[in-house]
Structure formats: C-alpha cells, structure tokens
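Colleague:
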C-alpha cells in the first residue's frame with residue numbers, strides 16, 4: 001500500500017506550496033495570499049510529526065446496505081498531518097468513508113485503524129478483534145471531529161454554548177477555560193462578535209464557521225469535512241474555504257475532505273483519492289490528478305465538474 | 001372488607017351479564033361514530049361557509065363542546081330531556097362531542113385538497129355543490145378514514161360514561177353485579193379485560209391501515 | 001333560575017372547595033402522568049428489547065382498558081383484594097396519572113423521534129455520551145414539539161375529572177349537582193358547570209401556549225402574541241394526532 005503518492009507526501013508537503021505555482025497558473029487562482037505565509041508553518045510542523053504508523057488505515061473495508069455495495073474492500077492510508085481530499089461522483093461512497101470514521105455507520109467488513117488502534121473494534125485477549133462497545137467507541141471518537149454539510153448546530157444552545165458543551169461535558173474542562181477557548185476559536189473563524197447569538201440568527205456561512213470552531217474545540221487529531229460548502233449560498237463559499245485553507249496551513253491536524261470545490265482540493269490536498277462505485281480508481285498528488293489523470297473515469301469526472 | 005381473593009365462581013356468573021352489556025356498548029359506539037362522522041362533515045363544511053355569521057357561531061359552539069367534559073354533557077342532557085330514552089341521549093351526545101373532533105379531521109382533509117382543484121372547478125364553472133360533491137369531498141374523505149377509526153376506538157373506551165345515565169352497557173352491569181354480590185373485583189377486572197381484548201386488536205388494525213395509506 | 005344562583009352564592013365556599021378538588025386532581029394527575037410519560041417514552045426508545053417490551057405492555061394496557069374501569073377498579077375492587085381503602089382523590093390521581101401517562105408516553109416517543117437524525121449525529125461527532133445526547137441535545141428540542149400534544153392531553157385530563165363525582169370525591173361536579181338537586185334547575189346548573197370547565201380549559205390552554213412560546217424562543221423560533229390566544233382546535237390541527245381521551 002506504500003505506493004509513491006503516499007511516500008512522497010511527507011517530503012513533498014513543504015514543496016507543495018511552491019508547486020502552488022502551477023495551481024496559480026491554472027484557472028483557479030483563488031487565494032494565493034493566505035497560502036504563501038502559511039506554507040512555512042506547515043513546513044515546520046510536518047517534520048516534527050514524523051511517525052511510522054499511519055493516522056488512518058482502511059483495511060479491506062466494506063459497507064453494504066442489503067445487496068447494495070457502497071464500499072468494496074477498500075484499502076488506503078492517511079499519514080499524520082496529511083490533508084486528503086475525496087472526490088468522485090455522488091453515490092461513490094465518499095461520504096460513507098467519513099461516516100464510518102465518525103462511527104455514525106457500522107462496518108459491514110474489514111477494519112479501520114486510527115493511530116494504530118482499531119476504530120470500531122476492540123482487541124480480544126487472544127489477539128483478535130470484536131465489535132466495540134459504546135464505551136470503547138467513545139474512546140475512539142476522541143481522536144476525531146466532523147463538520148457536516150448542514151452544519152447541525154444545536155438550536156437549543158447559543159453559539160458559545162454550542163462550542164463549550166462538549167469540552168465541558170466530555171473533556172471535563174472548567175467552564176471558564178472552555179469559554180476562553182471558545183472565544184479564541186470564534187476569533188479565529190471571524191465571529192468573535194457573535195458569541196451570544198443564536199444559531200438561527202446567523203447566515204449559513206457563519207453557522208458553518210461555528211460548526212468548524214465547535215469541532216476544533218474538541219482538539220481532534222483528525223478533522224472530517226463532509227461537503228461543508230455544499231449547502232451554502234455561492235457568495236458565502238469562499239469565506240469558509242479560506243478559513244479551512246488557513247486551518248490546513250496553520251495546524252498539524254489530519255484532514256479528510258469530501259468536496260466538489262476542485263480548486264480548494266488542489267490548494268490544500270497532499271493526496272487526492274478519486275472514487276467511483278465504492279472503489280478508489282485513482283489516487284495521487286493534486287498535480288497528478290488534476291493535470292495528468294490516468295484513469296478514464298477521473299478524466300470524465302473532472303471534465304464534468306471543472 | 002374481608003380481603004377476599006379473586007372468586008372464579010363470581011367471574012363465571014358475571015361474564016354473561018358483561019357480554020350482554022357489551023352488545024349495548026357496541027351499539028352505542030357504532031351509532032355514535034355514525035353521528036360523529038356525518039355531523040363532523042357538516043360542521044367542517046359549515047366552517048368553510050363564505051359568511052362569518054355562519055362560521056363564527058359554529059366555531060364558538062364547537063369550541064365550547066370540545067372543551068367541556070362529556071360526562072357533564074351526558075348527565076345534563078339526561079336531566080334536561082328526562083323523557084327521552086337514555087340510550088338515545090347517550091348516542092346523540094357521544095356523537096355531537098366526537099363530531100367536534102372529527103370535524104377537525106375533515107377540515108384537515110379538505111385543506112389538503114390542493115388550491116388548483118378548486119380553481120379548476122371554477123374554471124369549468126361547476127356549481128359549489130357539484131364542486132364539493134364531485135371533486136373536494138372524494139379527495140378529502142379518503143384521507144380521514146384512519147383518523148375516524150381511531151376516534152371510534154376512543155369513543156368505545158368512553159362509552160362507560162353511559163352507565164351514569166342508566167344505559168345498561170358493560171360497566172353498568174359490572175357495577176350492578178358488583179354491588180349486588182359484593183364482587184367488584186371480579187366484575188371490574190373482567191370489564192377491563194373485555195375492553196382491552198376488544199380495543200387492542202382494533203387499534204393495531206388502525207395502525208396498519210394508517211401505514212398502508214401512508215400517514 | 002334565580003333560585004339556583006341564590007343557592008350558588010349561598011354555598012360559595014363549597015363551590016370553591018369543589019373547584020379546589022378539581023384543580024388539585026388535575027394538577028396532581030398531570031404531574032404523575034408527566035413523569036410516567038417520560039419514563040415510559042424514554043423506555044420505548046431503549047436499546048434493550050426487554051425494556052421496550054415492558055414500556056409497550058404498560059402503555060397498551062392502560063390505553064386499552066377504559067379510564068372509567070381503571071378508576072372503579074382502584075376504588076372498588078382493589079380494597080376487596082387488599083383490605084385497604086384508598087381515598088377517592090388518591091384513586092383519581094393515580095388513575096389519571098396512569099392513563100394519561102400512557103398516552104403521554106406516545107407523545108414523548110414521537111417528540112424524540114421528530115428531532116432530526118442529524119442532531120443525534122452531531123452529538124455523536126462531539127463524543128457526547130448517550131445520556132448527554134438525550135439530556136443536552138435531543139430532549140430540549142423535542143420538548144417544544146411535545147407541548148401542543150401535552151396541552152391536548154391536559155385538557156382531556158381536566159375533562160375526565162368529573163369522574164371523581166362517581167367515587168364520591170367532593171369535586172366541582174359533585175357540588176354543583178347537589179345545588180341542582182336542591183333547586184331542581186337542571187339546565188342552569190349544568191350550563192353553569194360546563195362554563196366552569198370551559199374557563200378552566202381556556203386558562204390551561206393559555207398557560208401551555210405561554211410555555212410553548214418560551215420553549216420555542218429557546219430554539220430561536222419566535223411566535224407572535226396572537227399565538228397565545230390560539231384555541232385548542234387550532235393547536236390540535238397542527239399536531240396531527242388529536243387525542244381525545246382515546247386514540248393516538
């Protein structure tokens with residue numbers, strides 16, 4: 001599974017901003033300015049994160065609904081700090097991968113490893129694996145955060161409470177500490193003045209920023225982004241994407257994105273996985289996938305969306 | 001109080017009486033539901049009348065009837081119309097009380113008929129009567145059947161109120177036997193079981209019907 | 001007609017005490033029913049099939065046997081089995097609580113399942129425990145949706161309290177009936193009684209509408225003042241399963 005795109009990534013990450021030049025040359029010159037200073041931060045962060053165990057490893061993962069196969073014996077790895085984008089036609093299984101990682105769905109077969117530990121299995125004394133209990137699942141979920149297409153903010157809480165609820169009740173933070181962190185995060189996402197607002201008083205873009213802050217407040221190792229701009233009005237998309245670019249460059253968080261924003265995918269990804277019918281048909285660096293796709297399905301898909 | 005246990009002999013004695021009363025209970029339920037189904041439709045149509053002179057009083061009376069206890073209505077009607085057969089009073093009062101519920105069901109059914117249907121009738125210059133008869137009601141009534149069924153079941157469970165105005169239905173028989181033989185335990189336990197046995201399968205049936213009609 | 005109202009005014013203390021019994025049994029019955037509704041409703045969504053089965057059985061039993069029969073069983077039959085006579089008011093509160101608690105559990109169950117699945121998923125993604133998910137995220141949202149149906153049930157409970165007359169608790173109906181017997185003026189007496197219940201029902205509806213408005217405001221949904229005066233039939237039309245002392 002240690003194919004060259006994977007091997008290349010840790011080394012190529014510092015370089016992936018200068019190759020931001022081809023990205024800039026391509027039609028999508030979205031926001032070259034934030035990426036330039038941030039690139040150095042990533043360059044520093046990644047060598048420090050050296051680790052041989054992949055952050056995420058899918059091993060023969062299967063997901064079926066009755067006879068319908070959503071994911072077909074899937075194998076892939078994501079390294080610590082890597083930013084991976086999942087692209088492909090709808091119904092190809094991308095979102096299911098995120099939902100499996102968040103334990104919102106049950107596996108039909110195979111094992112998902114996160115940080116070297118089985119995600120939804122527990123080790124038996126005999127060295128085998130058995131399905132995890134709710135308690136064990138909760139331990140697994142600590143490493144993972146997720147941002148949803150429809151934001152899913154809690155309407156019974158204001159913005160601040162949405163962000164502090166889980167840090168207080170799950171991580172056991174003191175209220176003051178949780179609120180201080182929440183305010184910092186709201187500053188980061190550009191909503192420092194909407195602390196007391198109710199979710200319904202915010203635009204879709206603002207709600208999604210709160211949802212991102214809410215996920216980050218749990219300090220996950222892995223952040224899952226499920227079509228986070230698909231439900232937004234077109235004029236609000238750029239702001240959210242810029243925020244995610246910034247997070248991608250400034251932190252060492254591992255990111256898995258399902259997105260239809262190809263220029264964003266090209267900017268932030270270390271690795272792009274092209275899905276079709278529950279399988280990975282092609283994977284590689286954004287330069288390779290977007291400029292020299294090998295597989296017919298990839299070319300068809302990119303022609304359709306670009 | 002002798003602290004007696006359940007007496008199977010008494011249970012055997014009271015059962016035929018209860019089943020006899022059960023026939024009256026069924027009769028009251030069926031006829032009461034019929035009244036409620038027809039009157040409810042009349043109320044629903046009246047509330048669609050073009051003049052507030054019609055809709056406002058109808059609405060007020062309806063509101064009053066549905067917000068006040070059936071038991072008081074029954075006892076009051078029986079006292080005021082003391083010469084009328086209690087069973088008739090019971091059926092009429094049950095029917096009127098439940099008509100205020102069923103009219104809401106019809107109303108929702110009528111409201112669910114798309115505006116375009118009314119407009120199409122207008123475009124074809126159909127008379128209001130014809131519009132109701134041929135277009136609106138056939139569409140509205142189909143949707144309300146399961147709800148009417150559920151109201152029939154709840155009316156069934158409220159028929160014991162008729163015992164208070166001396167209708168000889170199931171609870172009347174139970175009370176009579178209970179006080180005559182001091183065997184309330186057997187009489188009321190069996191009466192309760194008869195209600196359970198009769199209403200549970202019916203409500204399961206209604207749920208199935210609702211599912212099939214996609215509610 | 002004058003004789004009835006003269007008697008009414010002469011016996012005002014009794015009337016007020018009857019009103020008190022009616023109010024007390026309504027409130028206490030509603031409290032018992034409310035607690036039971038949440039216990040049974042939450043049990044109905046439990047993972048364990050035994051817990052669900054117990055809830056289902058209890059609910060079907062108390063819905064399936066008539067309230068009238070339950071009350072009489074508690075008051076007349078139970079003492080014969082146990083040798084211990086319960087007070088009429090106590091029997092009333094227990095019977096109302098059990099019967100309306102069973103109906104209420106369906107409201108709770110429906111309210112919980114009406115909260116979008118995405119809210120559960122967001123709570124899972126934040127690693128809240130199953131208890132925290134229910135308590136912090138789902139129930140606060142479900143509650144606002146349950147209130148209209150609870151209002152219906154509360155009015156139904158109020159309308160069931162005249163049953164207390166049959167087990168000789170001195171409720172409002174009992175007192176007014178005594179005045180009627182004394183004056184012989186049936187029509188005026190029963191109309192007066194009906195008006196009493198109508199006003200009580202109206203007050204309860206208004207209070208519940210206030211509660212609903214507060215609950216909705218917490219969810220960021222703001223309703224105008226007009227909604228407060230909304231009658232029960234309007235509320236009933238919104239929450240489709242109208243529940244008259246019966247069907248779900």
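Protein chains in written order, with our numbering: chain G, 1 to 306; chain A, 1 to 215; chain C, 1 to 248. All residues carry an ideal CB built from backbone N, CA and C; glycine is no exception.
Does the structure place the segment 91-104 of chain G close enough to the segment 67-78 of chain G that three or more beta carbon pairs sit under 8 angstroms?
Modeller: Short answer: they touch.
Colleague: In chain G, which residues lie less than 7 angstroms from residue 51/C when you measure between Cβ atoms?
Modeller: Taking the third chain and counting its residues from 1, one reaches residue 51/C at position 51. Simply none; closest approach about 16 angstroms.
Colleague: Count Cβ pairs between the segment 22-42 of chain A and the segment 88-100 of chain A that sit closer than 8 angstroms; are there 3 or more?
Modeller: Output reads yes: the segment 88-100 of chain A touches the segment 22-42 of chain A.
Colleague: Taking DSSP's pairing of strands, which residues face residue 77/A in a bridge?
Modeller: The residue you call residue 77/A lines up with position 77 of the second chain. Note: residue 77/A sits in no beta bridge, so no partner.
Colleague: I need the straight-line Cα distance from residue 40/C to residue 157/G, nearest angstrom please.
Modeller: Position 40 of the third chain, counted from the first residue, corresponds to residue 40/C. Position 157 of the first chain, counted from the first residue, corresponds to residue 157/G. Between residue 40/C and residue 157/G, the C-alpha separation is close to 27 angstroms.
Colleague: Looking at residue 212/G and the ligand SAM, is the gap between the Cβ and the nearest heavy atom below 8 angstroms?
Modeller: In terms of ligand content, the structure shown is empty, and the ligand SAM therefore cannot be addressed.
Colleague: Does residue 178/G have its Cβ less than 9 angstroms from a Cβ in chain C?
Modeller: Translated into the one-based positions of the first chain, residue 178/G becomes position 178. Not an interface residue.
Colleague: How big is the Cα-Cα spacing for residue 84/G and residue 253/G?
Modeller: Numbered from its first residue, the first chain carries residue 84/G at position 84. Numbered from its first residue, the first chain carries residue 253/G at position 253. So the alpha carbons of these two residues sit roughly 11 angstroms apart.
Colleague: At the 9 angstroms Cβ level, is residue 177/C part of the contact set with chain A, yes or no?
Modeller: Mapped onto the third chain, residue 177/C falls at position 177. Yes, contact with chain A.
Colleague: What is the DSSP secondary structure of residue 95/G, reduced to helix, strand or coil?
Modeller: Stepping through the first chain from its first residue, residue 95/G is reached at position 95. DSSP places residue 95/G in helix when its eight states are reduced to three.
Colleague: If we count the other Cβ atoms within 10 Å of its Cβ and call it buried at 16 or more, is residue 264/G buried or exposed?
Modeller: Indexing the first chain from 1 puts residue 264/G at position 264. Buried, by the Cβ-count rule.
Colleague: I believe residue 194/C touches residue 68/A by the beta-carbon criterion, under 8 angstroms. Please report the beta-carbon distance rounded to the nearest angstrom.
Modeller: Your numbering for residue 194/C matches position 194 in the third chain. Your numbering for residue 68/A matches position 68 in the second chain. That belief holds up - the Cβ atoms of residue 194/C and residue 68/A are roughly 4 angstroms apart, short of 8 angstroms.
Colleague: Going by DSSP, what residue range makes up the alpha helix (DSSP H) through residue 110/G?
Modeller: Counted from its first residue, the first chain places residue 110/G at position 110. Here residue 110/G belongs to no alpha helix (DSSP H); instead the beta strand (DSSP E) covers 109-114.
Colleague: Which value, in whole angstroms, describes the spacing of the CA atoms of residue 216/G and residue 209/G?
Modeller: Locating residue 216/G in the first chain gives position 216, counting from the first residue. Locating residue 209/G in the first chain gives position 209, counting from the first residue. Straight-line Cα distance between these residues: approximately 11 angstroms.
Colleague: If you drop the 5 nearest sequence neighbours on each side, which residues of the same chain put their C-beta closer than 8 angstroms to that of residue 262/G?
Modeller: Within the first chain, numbered from 1, the residue matching residue 262/G stands at position 262. 28, 87, 290, 302, 305 and 306, listed in sequence order.
Colleague: Can you list, in chain order, the residues of its chain whose CB lies under 7 angstroms from that of residue 286/G, leaving out five sequence neighbours each side?
Modeller: Here residue 286/G is taken as the residue at index 286 of the first chain, counted from 1. The answer, listed in chain order, is 265, 266, 269 and 272.
Colleague: On a CA-only basis, which of 292/G, 126/G, 142/G and 255/G is nearest residue 97/G? Give me that one, please.
Modeller: Locating residue 97/G in the first chain gives position 97, where the first residue counts as 1. Answer by Cα proximity: 255/G.
Colleague: Enumerate, from N- to C-terminal direction, the unbroken alpha helix (DSSP H) stretches of 4 or more residues contained entirely within the segment 144-204 of chain C.
Modeller: Counting only runs of 4 or more, we get 172-183.
Colleague: Is the beta carbon of residue 61/C less than 9 angstroms from the beta carbon of residue 105/C?
Modeller: In the third chain, counting from the first residue as 1, residue 61/C sits at position 61. In the third chain, counting from the first residue as 1, residue 105/C sits at position 105. Their beta carbons are not under 9 angstroms apart, which means residue 61/C does not touch residue 105/C by this criterion.
Colleague: Contact criterion: CB-CB distance below 9 angstroms. Does residue 155/C meet it with respect to chain A?
Modeller: Sequence index remark: in the third chain, residue 155/C carries index 155 (1-based). Residue 155/C counts as touching chain A.
Colleague: Any beta carbon of chain G sitting closer than 9 angstroms to that of residue 212/C?
Modeller: On the third chain, position 212 is the one that residue 212/C refers to. No, residue 212/C lies away from the interface with chain G (no Cβ there is under 9 angstroms from its Cβ).
Colleague: What residues are listed by DSSP as bridge partners for residue 64/G?
Modeller: Working through the first chain from its first residue, we reach residue 64/G at position 64. 69/G.
Colleague: For a contact meaning CB atoms closer than 8 angstroms, what does residue 177/A contact in chain C?
Modeller: Residue 177/A sits at position 177 when you count from the first residue of the second chain. None at all; the shortest Cβ gap to chain C is about 12 angstroms.
Colleague: Any chance the segment 197-215 of chain A sits against the segment 147-163 of chain A, with 3 or more Cβ pairs inside 8 angstroms?
Modeller: Verdict: yes, contact present.
Colleague: Please check if any C-beta of chain A sits within less than 9 angstroms of the C-beta of residue 216/C.
Modeller: In the third chain, residue 216/C corresponds to position 216, counting from 1. No, no contact with chain A.
Colleague: Please return the same chain residues whose Cβ sits closer than 8 angstroms to the Cβ of residue 175/G, not counting the five positions on each side in sequence.
Modeller: Reading the first chain from its first residue, position 175 is the one you call residue 175/G. Within the same chain, residue 175/G has close Cβ partners 164 and 168.
Colleague: Taking contact to mean at least 3 C-beta pairs separated by less than 8 angstroms, is the segment 50-65 of chain C in contact with the segment 98-116 of chain C?
Modeller: They touch, by the three-pair rule.
Colleague: Would you tell me roughly how many angstroms separate the C-alpha atoms of residue 52/C and residue 112/C, rounded to the nearest one?
Modeller: Here residue 52/C corresponds to residue number 52 of the third chain, with the count starting at 1. Here residue 112/C corresponds to residue number 112 of the third chain, with the count starting at 1. Approximately 15 angstroms, taken between the alpha carbons.
Colleague: Please go through the segment 112-179 of chain G and give each complete alpha helix (DSSP H) segment of 4 or more residues, from N-terminal end onward.
Modeller: 134-141 and 159-169, all fully within the segment 112-179 of chain G.
Colleague: Does the Cβ-Cβ distance between residue 116/A and residue 206/A come in under 9 angstroms?
Modeller: In the second chain, counting from the first residue as 1, residue 116/A sits at position 116. In the second chain, counting from the first residue as 1, residue 206/A sits at position 206. Not in contact: residue 116/A and residue 206/A (Cβ atoms no closer than 9 angstroms).
Colleague: Assess, as a yes-or-no matter, whether the segment 4-23 of chain C is touched by the segment 161-175 of chain C under the definition of 3 or more beta carbon pairs within less than 8 angstroms.
Modeller: Enough Cβ pairs lie closer than 8 angstroms, so yes.
Colleague: Touching or not, the segment 230-237 of chain G and the segment 112-130 of chain G, by the rule of three or more beta carbon pairs under 8 angstroms?
Modeller: Not touching, per the Cβ criterion.
Colleague: Within 9 angstroms of any Cβ in chain C, is that where the Cβ of residue 205/G sits?
Modeller: Along the first chain, read from residue 1 onward, the residue named residue 205/G stands at position 205. With 9 angstroms as the cut-off, residue 205/G does not count as an interface residue toward chain C.
Colleague: Using CA coordinates, which residue listed in 55/G, 64/G and 213/G is at the minimum distance from residue 192/G?
Modeller: Within the first chain, residue 192/G is the residue found at index 192, counting from 1. Ranking the options by Cα distance to residue 192/G, first place goes to 213/G.
Colleague: Quick check: what's the CA-CA separation for residue 109/C versus residue 210/A?
Modeller: For the purposes of this step, residue 109/C is taken as the residue at position 109 of the third chain. For the purposes of this step, residue 210/A is taken as the residue at position 210 of the second chain. Near 18 angstroms, if we compare the C-alpha coordinates of residue 210/A and residue 109/C.
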